[in-house]
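Visitor:
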Amino acid sequence: MTDISLYIADVLTIVSIILAVLYVIGFTKNGKAYRYFTCYLILVAVIQIIMYVYAGKKMNNIFLFHYYFIGQFIFLSLFYKELIQKKWVLYILVLVLIGLGTNYAIHPEIFNEYHTIGVSITQSIIVVYALIYYYQSLTGRNLFLLVNTGILLYFMTSILFFASGNLIIDLDLPKETQRYIGIVNQFLYFIFLVLIFIEWYRSYRVRLA
707 MTDISLYIAD
717 VLTIVSIILA
727 VLYVIGFTKN
737 GKAYRYFTCY
747 LILVAVIQII
757 MYVYAGKKMN
767 NIFLFHYYFI
777 GQFIFLSLFY
787 KELIQKKWVL
797 YILVLVLIGL
807 GTNYAIHPEI
817 FNEYHTIGVS
827 ITQSIIVVYA
837 LIYYYQSLTG
847 RNLFLLVNTG
857 ILLYFMTSIL
867 FFASGNLIID
877 LDLPKETQRY
887 IGIVNQFLYF
897 IFLVLIFIEW
907 YRSYRVRLA
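Take the sequence shown: its position 37, counting from 1, is numbered 743 in the working numbering, and each next residue is one higher.
1) Should the stretch 765-775 be called in touch with the stretch 733-746, which here means at least 3 C-beta pairs below 8 angstroms?
2) Just verifying my parser: in three-state terms, what is the DSSP assignment at G737?
3) Determine, using beta-carbon pairs with one atom in the stretch 846-854 and one in the stretch 798-810, whether at least three such pairs fall under 8 angstroms.
4) So Q829 and I780 are in contact, right, with Cβ under 8 angstroms, and what is the actual spacing, rounded?
5) Spatial neighbours of N872 within its chain, please: C-beta separation below 8 angstroms, excluding the five flanking residues on both sides.
6) Would L899 pass as a contact of S722 if the rule is Cβ separation under 9 angstroms?
7) If you compare alpha carbons, which of L712, L789, W906 is closest to L835?
8) CA-CA distance, K793 and M757?
9) Among the residues of its own chain, which have a CB less than 8 angstroms from the CB of L770, if the five just before and after it don't count?
10) Do Q778 and L796 come within 9 angstroms of each other at the CB atom, strictly closer than that value?
11) Rounded to a whole number of angstroms, what is the C-alpha to C-alpha distance between T744 and S843?
12) Please work out which residues of its chain come closer than 6 angstroms, Cβ to Cβ, to L712, disregarding the five sequence neighbours upstream and downstream, and give them in chain order.
13) Can you give me the C-alpha to C-alpha distance between N766 and I714, rounded to a whole angstrom?
14) Terminal residues of the continuous alpha helix (DSSP H) containing N809?
15) Looking at the structure shown, is R847 part of a helix, part of a strand, or coil, going by DSSP?
16) For Y910, does the three-state DSSP call read helix, strand or coil?
17) For Y713, which of helix, strand or coil comes out of DSSP?
18) Return helix, strand or coil for G856, following the three-state DSSP convention.
19) Go to K787, then tell me how far its alpha helix (DSSP H) extends in each direction, as first and last residue.
20) Using beta-carbon positions only, say whether I902 and L747 come within less than 9 angstroms of one another.
21) S783: which of I812, G888, I831 sits nearest, CA to CA?
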């Protein structure tokens, strides 16, 4: 089971890098929403690479999770700000970042564990943005619909996965159970990446010429 999980992790890392490269190619040819989403993909690829290196050296990489979910929240908030065209998205972004910054300042030890509250709040907000954009798309807006679908599917389930990160550790669940939970999350993330690729192939590949 461990070999399967590691193999899947390797595949996800490679796919994340490929997607970042594909979207970077059209970075200057598309609008702000595309650029913000590309920045998100670059962030994911970089974090995946660093985590891969740390894992190979058997070093603790939990601290990278904090950079991942905060960077994710920043870039996807800016992404959805462009899609749903609402300034209050920026206000929420600033307020949440101030709240997180204050929390880290008061409790710096959080860096050594999963920030369950932080990731739950930020991903829940992104899910709300995705639902709002789905509603708006009924009136004709159809940019990044596949990406939006992927965000909804993956984020709604990963909220439960990441939010229970510390609980899984505290409960001392059998390693086999932990691996199964991890593989399910990896599979859903792979589906998310596939939808991102299909979005690029259908909507942006032709613009590379």
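For each residue, glycine too, the CB sits at the ideal point set by N, CA and C.
Keep in mind it's a predicted model, so treat the numbers as computed, not measured.
Guide: The structure says:
1) no
2) By 1-based counting over the sequence shown, the position of residue 737 is 31. Note: G737 maps to coil in three-state DSSP.
3) no
4) As a first step, residue 829 must be located in the sequence shown, where it is residue number 123. As a first step, residue 780 must be located in the sequence shown, where it is residue number 74. 13 angstroms between Cβ atoms; not a contact.
5) Locating residue 872 in the sequence shown gives position 166, where the first residue counts as 1. Confidence is the limiting factor: at N872 the pLDDT is only 49, short of 50, which leaves the residue's position unreliable and the question unanswerable from this model.
6) Position 193 of the sequence shown holds residue 899. Position 16 of the sequence shown holds residue 722. Yes.
7) On the sequence shown, position 129 is the one that residue 835 refers to. In the sequence as presented, Leu is not what sits at residue 835; that position holds Tyr. Checked all of L712, L789, W906; the closest Cα to Y835 is L789.
8) Taking the first residue of the sequence shown as position 1, residue 793 is located at position 87. Taking the first residue of the sequence shown as position 1, residue 757 is located at position 51. Approximately 34 angstroms, taken between the alpha carbons.
9) Counting from 1 along the sequence shown, the entry for residue 770 is found at position 64. Contacts found: I753, I756, M757, Y760.
10) Along the sequence shown, one-based indexing puts residue 796 at 90. Along the sequence shown, one-based indexing puts residue 778 at 72. Contact: no.
11) Start at 1 with the first residue of the sequence shown, and residue 744 comes out as number 38. Start at 1 with the first residue of the sequence shown, and residue 843 comes out as number 137. One C-alpha to the other measures close to 21 angstroms.
12) As a first step, residue 712 must be located in the sequence shown, where it is residue number 6. Cβ neighbours of L712 beyond the five flanking positions: none.
13) By one-based count along the sequence shown, residue 766 stands at place 60. By one-based count along the sequence shown, residue 714 stands at place 8. Cα to Cα, the separation comes out at about 20 angstroms.
14) Walking along the sequence shown from the start, residue 809 turns up at place 103. Taken as a continuous stretch (DSSP letters only), the alpha helix (DSSP H) holding N809 covers 794-812.
15) Residue mapping note: residue 847 aligns to position 141 of the sequence shown, counting from 1. Here R847 sits in coil by DSSP.
16) Here residue 910 refers to the residue found at position 204 of the sequence shown. DSSP places Y910 in coil when its eight states are reduced to three.
17) The count along the sequence shown starts at 1 and reaches residue 713 at position 7. Correct three-state label for Y713: helix.
18) Along the sequence shown, read from residue 1 onward, the residue named residue 856 stands at position 150. DSSP places G856 in helix when its eight states are reduced to three.
19) The residue given as residue 787 occupies position 81 in the sequence shown. Per DSSP, K787 belongs to the alpha helix (DSSP H) from 768-790.
20) Numbered from 1 along the sequence shown, position 196 holds the residue referred to as residue 902. Numbered from 1 along the sequence shown, position 41 holds the residue referred to as residue 747. Yes, they are a contact pair.
21) Residue 783 sits at position 77 when you count from the first residue of the sequence shown. Of the candidates I812, G888, I831, the one whose C-alpha sits nearest the C-alpha of S783 is I831.
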